[in-house]
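Sequence order for the protein chains is A and B.
Our numbering applies: residue 24 is where the first sequence begins, and numbers increase by one.
Our numbering applies: residue 59 is where the second sequence begins, and numbers increase by one.
Cβ atoms here follow ideal geometry from the backbone N, Cα and C, with glycine treated the same way.
A quick note: this is a predicted structure, and the numbers were derived from the prediction, not measured.
What follows is a short report on a single structure.
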Amino acid sequence: MENESNGSAAVLAAHNISKEVSSPEGSLTILDDVSFTMNAGESIAVVGPSGAGKSTLLALLAGLDLPTRGHVVLNGSNLSELDEDGRALVRAESVGFVFQSFHLVPSLNALENVMLPLELAGGDNVRETSRGVVEKVGLKDRWSHYPSQLSGGEKQRVAIARAFATEPAVLFADEPTGNLDSRTGANIMELMFDLNRSSSTTLVLVTHDLELAERCDRVLALDAGRLVSDTRSAA
Amino acid sequence: MRAISFALRSFSREIRSGEVLVLLFAVALAVAALTAVGFLTDRIGKAVARQANEVLAADLRLRSQEPIPNIWRERAEEFNLRTAETNTFPSVVFAGEMSALSTIKAVSDTYPLRGTVRVADELFGEQREVENIPARGTAWADGALLARVDADIGDYLTVGSLELEVTAVLTYRPDQSMGFASLAPSLLINIRDIPASGLISEGSRVGFALLVAGDEDDVNAFDEAIQPDLPDELRTRSAEESSERAYRASDRAQRFLSLTAIIALLLSAVAVAMSARRFAHRRMDTVALMKSLGATQGFVISVSVVQLVLLGLVGVVIGSVVGYTVEEILTKVLADIIASDLPPVGPMPIVLACGSAMVLLVGFAMPSLIQLRNTPPLRVLRHDAMPPAPSRFLVAGLSLAAVAALLYRSARDAEMLVYLLGGIVIIAALLYIVGRILVSMMGRFRSGVGVAWRYGLANVARRGRDSAVQVVAFGLGLTVLLLLTIVRTDLLEGWRQTLDENAPNHFMINIQPHERDSVSAIYREGGVEPPEYMPLVRARMSTINGESVKDREYPDPGGEWMANREQNLSFAARLSSSNELVEGEWWPENYDGPPLVSIEEEAALETGLTIGDRLTYLIAGRELEATVSSIRQVNWDSFQPNFFMVFSPGALDGMPTTYIASLRLEKEQQSVLVKLVRTHPSISVIDLDSILQQIRGIVQKASLAVQAVFVFTLAAGIIVLFAAVQSTIDERRFESAMLRALGARKRTVFSGVMAEFGALGAAAGILAAAGASVLAWLVATRLFELPYEFNPVLWVAGVAAGIFVVCASGFIAARSAVNAPPVDVLRAA
Numbered sequence: 024m025e026n027e028s029n030g031s032a033a034v035l036a037a038h039n040i041s042k043e044v045s046s047p048e049g050s051l052t053i054l055d056d057v058s059f060t061m062n063a064g065e066s067i068a069v070v071g072p073s074g075a076g077k078s079t080l081l082a083l084l085a086g087l088d089l090p091t092r093g094h095v096v097l098n099g100s101n102l103s104e105l106d107e108d109g110r111a112l113v114r115a116e117s118v119g120f121v122f123q124s125f126h127l128v129p130s131l132n133a134l135e136n137v138m139l140p141l142e143l144a145g146g147d148n149v150r151e152t153s154r155g156v157v158e159k160v161g162l163k164d165r166w167s168h169y170p171s172q173l174s175g176g177e178k179q180r181v182a183i184a185r186a187f188a189t190e191p192a193v194l195f196a197d198e199p200t201g202n203l204d205s206r207t208g209a210n211i212m213e214l215m216f217d218l219n220r221s222s223s224t225t226l227v228l229v230t231h232d233l234e235l236a237e238r239c240d241r242v243l244a245l246d247a248g249r250l251v252s253d254t255r256s257a258a
Numbered sequence: 059m060r061a062i063s064f065a066l067r068s069f070s071r072e073i074r075s076g077e078v079l080v081l082l083f084a085v086a087l088a089v090a091a092l093t094a095v096g097f098l099t100d101r102i103g104k105a106v107a108r109q110a111n112e113v114l115a116a117d118l119r120l121r122s123q124e125p126i127p128n129i130w131r132e133r134a135e136e137f138n139l140r141t142a143e144t145n146t147f148p149s150v151v152f153a154g155e156m157s158a159l160s161t162i163k164a165v166s167d168t169y170p171l172r173g174t175v176r177v178a179d180e181l182f183g184e185q186r187e188v189e190n191i192p193a194r195g196t197a198w199a200d201g202a203l204l205a206r207v208d209a210d211i212g213d214y215l216t217v218g219s220l221e222l223e224v225t226a227v228l229t230y231r232p233d234q235s236m237g238f239a240s241l242a243p244s245l246l247i248n249i250r251d252i253p254a255s256g257l258i259s260e261g262s263r264v265g266f267a268l269l270v271a272g273d274e275d276d277v278n279a280f281d282e283a284i285q286p287d288l289p290d291e292l293r294t295r296s297a298e299e300s301s302e303r304a305y306r307a308s309d310r311a312q313r314f315l316s317l318t319a320i321i322a323l324l325l326s327a328v329a330v331a332m333s334a335r336r337f338a339h340r341r342m343d344t345v346a347l348m349k350s351l352g353a354t355q356g357f358v359i360s361v362s363v364v365q366l367v368l369l370g371l372v373g374v375v376i377g378s379v380v381g382y383t384v385e386e387i388l389t390k391v392l393a394d395i396i397a398s399d400l401p402p403v404g405p406m407p408i409v410l411a412c413g414s415a416m417v418l419l420v421g422f423a424m425p426s427l428i429q430l431r432n433t434p435p436l437r438v439l440r441h442d443a444m445p446p447a448p449s450r451f452l453v454a455g456l457s458l459a460a461v462a463a464l465l466y467r468s469a470r471d472a473e474m475l476v477y478l479l480g481g482i483v484i485i486a487a488l489l490y491i492v493g494r495i496l497v498s499m500m501g502r503f504r505s506g507v508g509v510a511w512r513y514g515l516a517n518v519a520r521r522g523r524d525s526a527v528q529v530v531a532f533g534l535g536l537t538v539l540l541l542l543t544i545v546r547t548d549l550l551e552g553w554r555q556t557l558d559e560n561a562p563n564h565f566m567i568n569i570q571p572h573e574r575d576s577v578s579a580i581y582r583e584g585g586v587e588p589p590e591y592m593p594l595v596r597a598r599m600s601t602i603n604g605e606s607v608k609d610r611e612y613p614d615p616g617g618e619w620m621a622n623r624e625q626n627l628s629f630a631a632r633l634s635s636s637n638e639l640v641e642g643e644w645w646p647e648n649y650d651g652p653p654l655v656s657i658e659e660e661a662a663l664e665t666g667l668t669i670g671d672r673l674t675y676l677i678a679g680r681e682l683e684a685t686v687s688s689i690r691q692v693n694w695d696s697f698q699p700n701f702f703m704v705f706s707p708g709a710l711d712g713m714p715t716t717y718i719a720s721l722r723l724e725k726e727q728q729s730v731l732v733k734l735v736r737t738h739p740s741i742s743v744i745d746l747d748s749i750l751q752q753i754r755g756i757v758q759k760a761s762l763a764v765q766a767v768f769v770f771t772l773a774a775g776i777i778v779l780f781a782a783v784q785s786t787i788d789e790r791r792f793e794s795a796m797l798r799a800l801g802a803r804k805r806t807v808f809s810g811v812m813a814e815f816g817a818l819g820a821a822a823g824i825l826a827a828a829g830a831s832v833l834a835w836l837v838a839t840r841l842f843e844l845p846y847e848f849n850p851v852l853w854v855a856g857v858a859a860g861i862f863v864v865c866a867s868g869f870i871a872a873r874s875a876v877n878a879p880p881v882d883v884l885r886a887a
């Protein structure tokens with residue numbers, strides 16, 4: 024168990040978090056007493072079989088949901104002490120997302136999708152900044168296309184550009200290659216790790232691809248809601 | 059501020075993407091329908107009111123027993139009103155040896171200000187409209203007058219010291235009063251001949267009138283402005299006071315118009331509600347994403363509201379352009395029927411329609427949008443994470459408030475509002491409850507049916523609340539459409555029937571008892587069925603329950619007037635077919651007990667008389683006491699002779715009695731009247747054709763407006779159903795793709811969708827037929843005082859229309875979903 028005094032360098036810390044939901048069969052524990060700390064620039068892979076609680080952990084770490092017990096400290100803020108708007112502000116300042124199913128806004132084109140979080144944060148030069156990021160992910164010529172006109176890999180590139188556009192402290196990626204073929208997936212991961220390195224973002228990657236997990240600094244293994252191992256990878 | 063600029067920027071993207079088109083379309087349609095309906099009802103309403111004003115030949119009439127000073131004409135002109143003057147008085151007209159009493163009507167050049175005068179070039183000849191008045195030294199004479207004095211066109215009539223050449227037969231003047239005051243046939247002359255006639259001198263009984271007409275607002279302003287200054291002898295009179303029949307017809311026509319306008323409004327409301335619901339639902343994903351990207355609740359709500367308002371504005375602009383264009387086209391098409399000299403209506407209907415659409419949009423979309431702020435950001439990871447449903451009270455309250463506010467404005471009639479709104483609320487509630495019951499029953503049937511039906515019924519049952527909401531939307535849409543159909547056909551027809559083509563068009567009055575046989579003989583000779591004669595006794599009431607009528611207090615000034623004037627009494631053994639007993643009992647046919655009297659309902663209300671009251675009358679020096687034994691409702695539209703007071707047989711025996719009769723004479727039969735008035739000069743014949751025509755004109759205009767509105771409302775109704783189906787389309791796409799991926803053929807999937815819609819449509823149809831029947835009954839009996847019969851065809855039509863329309867719009871909407879390649883749909887999730 025980590026000590027909170029490590030917090031000076033810690034960007035993300037989970038303190039004994041549990042999540043229970045009510046079900047027809049009574050209370051169901053999805054996540055059970057999970058704790059760990061991440062330092063800036065570190066990358067972590069969360070692995071485990073289906074139903075192990077990976078996505079739930081991600082939702083709690085990003086403040087999309089609140090734990091039943093315990094608390095999460097993200098970039099210095101205790102998420103449990105904030106209301107929904109407060110958590111949203113923390114996300115706006117410090118968090119980027121890449122989802123398995125991309126979650127692009129269908130009514131916005133590629134560039135506009137990338138602009139969205141910058142516009143939400145109220146930044147200046149939104150369009151220029153976004154164009155730069157779109158170029159970085161290799162979609163210079165396709166910026167005006169709508170999601171329906173893009174391939175899966177291209178959609179995920181747009182999503183990655185959107186995630187990095189705000190230069191977040193922490194990037195959450197939920198099975199980012201889950202909907203892609205292996206080659207496209209590999210390219211996408213390459214891009215993500217590149218950007219991660221160059222922007223020293225902290226990365227939380229949920230995956231069940233062990234090969235991918237090996238490329239992260241640490242691998243957290245979950246099983247039935249419990250953290251069963253926290254290993255530093257050789258890489 | 060940031061939210062607004064963000065909303066503004068992303069709005070054009072939303073429009074481009076087509077996401078919001080259904081809602082945009084619904085708003086535009088609502089505005090277009092309300093604009094066009096507003097314009098139409100406004101114009102036709104004015105045309106109808108004007109028709110009613112014809113009975114005055116003006117919008118307002120100032121009358122006096124003394125010459126009306128010029129200052130009143132000048133004041134009218136200050137209000138931009140047109141004026142005309144008339145003098146009306148009885149005088150004996152001579153032609154050679156023959157003479158007859160006539161009503162002389164001397165008019166100025168501008169007469170009449172409303173309606174037109176019609177003349178014929180021979181007795182009972184073809185009539186034509188004229189725009190001028192008789193030249194000086196000439197006169198236009200009523201056919202009956204010419205017959206009485208045995209004169210013809212070209213002959214000279216002597217009136218006072220005037221010699222006037224008859225240049226035309228007067229067949230119609232708009233203000234030929236229906237009252238008994240002007241029985242004598244008229245002679246229309248030029249007012250400039252009056253000074254030389256010697257007819258008007260001190261003490262002669264002349265009615266002086268100043269006719270006034272112009273823009274409605276100007277007339278009202280003038281009327282209000284002069285009231286305080288009017289001397290006692292000068293009185294104003296509006297159409298309402300002067301011809302109750304024409305006014306009632308016009309009032310009823312206005313009710314029809316506002317009813318159809320309300321129906322259009324209700325349909326628009328349902329259309330907007332359904333598409334607003336979908337609008338909010340579709341934004342859920344975007345809101346969840348924006349929140350995961352750090353947007354606050356305030357931000358997402360502001361963005362949604364700003365976009366909703368923008369959407370409303372765009373819809374409003376499109377809708378008003380369409381509505382205005384349609385109205386312009388309709389006005390051109392209907393130019394013959396809508397008086398062409400009507401002033402343009404102005405932008406008011408557009409403003410009102412736009413306001414209404416925005417109120418609807420806010421009322422219906424706001425609760426869902428407000429709820430959107432509670433969309434959990436978790437939805438980006440777990441698609442089943444939904445915001446809690448908005449409070450039903452909030453939804454119902456806001457939308458009801460929106461509808462009520464609008465209805466109140468357009469109904470201007472609290473009674474209609476209560477019936478309609480109450481009816482709609484009850485129907486919606488019933489639809490929801492029954493919808494849920496049906497939905498759960500359908501779920502149970504599914505094990506016994508084929509795969510298509512099982513899929514369809516399972517779908518209905520699974521989307522329990524959604525399905526019930528759809529039943530409500532379909533059902534309300536159908537209810538309103540059915541109601542409109544009933545209004546358009548049954549109710550209007552019922553009204554038209556009260557003025558059927560066989561209604562009597564002539565009144566004969568002042569028939570002496572001994573003349574009855576000879577009058578009947580003349581009719582028989584002319585091939586006309588002789589009329590039934592109704593006895594008439596003129597009498598004044600002296601006491602009510604022993605109290606003098608002068609000292610008594612009355613619930614209504616009308617009652618006081620009636621109790622104190624000379625009344626027309628009648629007696630009858632049987633109740634007239636145009637009467638209906640509402641209280642008490644009618645006497646047996648062979649009744650010969652103490653005198654009883656039956657009172658007309660309204661007269662009873664105004665005089666405060668009830669059953670058991672004792673009335674005494676003074677008739678030719680004799681006193682008659684009778685007890686009130688029943689109260690009758692009279693259908694005045696029947697054009698049968700009717701009386702406020704009808705006595706039991708024998709009660710009026712020995713009193714000075716004359717008879718009146720009504721009968722129908724076709725054009726070619728009217729020559730029989732020439733013989734009648736020549737052989738019975740004391741009998742007066744009153745031609746009712748003109749007033750009947752006026753009322754038919756009103757009915758025709760009203761039906762026309764209702765028809766035109768019907769088309770619009772139908773379009774709105776179809777949009778409602780389409781929007782309702784659209785609201786489930788996303789889910790449907792996914793399901794059908796999934797089913798097809800599992801190996802179902804398109805046909806199977808389609809049959810399933812059709813089974814679902816068929817079941818929904820049938821449920822909605824049954825409820826709609828029930829709802830529409832009840833509403834129609836309420837509307838008919840309470841608002842229009844027309845008889846209503848429950849129509850079984852309605853039920854068949856309701857269910858058939860429900861299944862057909864819902865399936866058809868379902869087919870259109872689901873086609874794209876079913877036809878999309880499954881892989882696209884599944885991948886795009």
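Check	Outcome
Min CB distance His231 of chain A to chain B below 8 Å	no
Residues from the segment 349 to 375 of chain B in contact with chain A, defined by Cβ distance under 8 Å	Lys349, Ser350, Leu351, Gly352, Ala353, Thr354, Gln355, Gly356, Phe357
C-beta contact flag for Arg154 of chain A and Leu134 of chain A at 8 Å	yes
Pair within 8 Å by beta-carbon distance, Met348 of chain B and Leu143 of chain A	yes
Beta-carbon gap between Val704 of chain B and Ser628 of chain B smaller than 8 Å	yes
Euclidean distance between Cα positions of Phe152 of chain B and Gly195 of chain B	15 Å
Residue burial classification, Glu473 of chain B (beta-carbon count within 10 angstroms, cutoff 16)	exposed
For Leu633 of chain B, three-class secondary structure by DSSP	coil
Beta-carbon gap between Ala90 of chain B and Gly381 of chain B smaller than 8 Å	yes
Below-8 Å beta-carbon distance, Pro446 of chain B vs any chain A residue	no
Chain A residues whose Cβ lies nearer than 8 Å to that of Val438 of chain B	Leu87, Phe120, Phe122, His126
Enclosing alpha helix (DSSP H) for Phe187 of chain A [first to last residue]	175 to 188
Distance, Val251 of chain A Cα to Leu235 of chain A Cα	19 Å
For Glu551 of chain B and Ser576 of chain B, the rounded distance between their alpha carbons	39 Å
Cβ contact check for the segment 606 to 617 of chain B and the segment 659 to 677 of chain B: 3 or more pairs under 8 Å	yes
Short CB-CB distance (under 8 Å) between Ala37 of chain A and chain B	no
Bridge partners - Thr144 of chain B, DSSP secondary structure assignment	B:Val165, B:Ala267
Span of the beta strand (DSSP E), counted from its first residue to its last, around Phe705 of chain B	703 to 705
is_contact[Thr344 of chain B, chain A] using C-beta, thresh 8 Å	yes
Same chain, Cβ closer than 8 Å to Arg623 of chain B, five either side skipped, listed in chain order	Arg598
Neighbour-count burial assignment, Ile247 of chain B, 16 or more Cβ in a 10 Å radius	buried
Integer Cβ distance of Leu162 of chain A from Arg180 of chain A, believed to fall under 8 Å	6 Å
Per-residue burial, Lys77 of chain A [other beta carbons within 10 Å of its own, 16 or more giving buried]	buried
Top-ranked residue by Cα proximity to Leu228 of chain B, from B:Val217, B:Pro243, B:Asp711	B:Pro243
C-alpha distance - Val379 of chain B paired with Leu388 of chain B, whole-angstrom precision	14 Å
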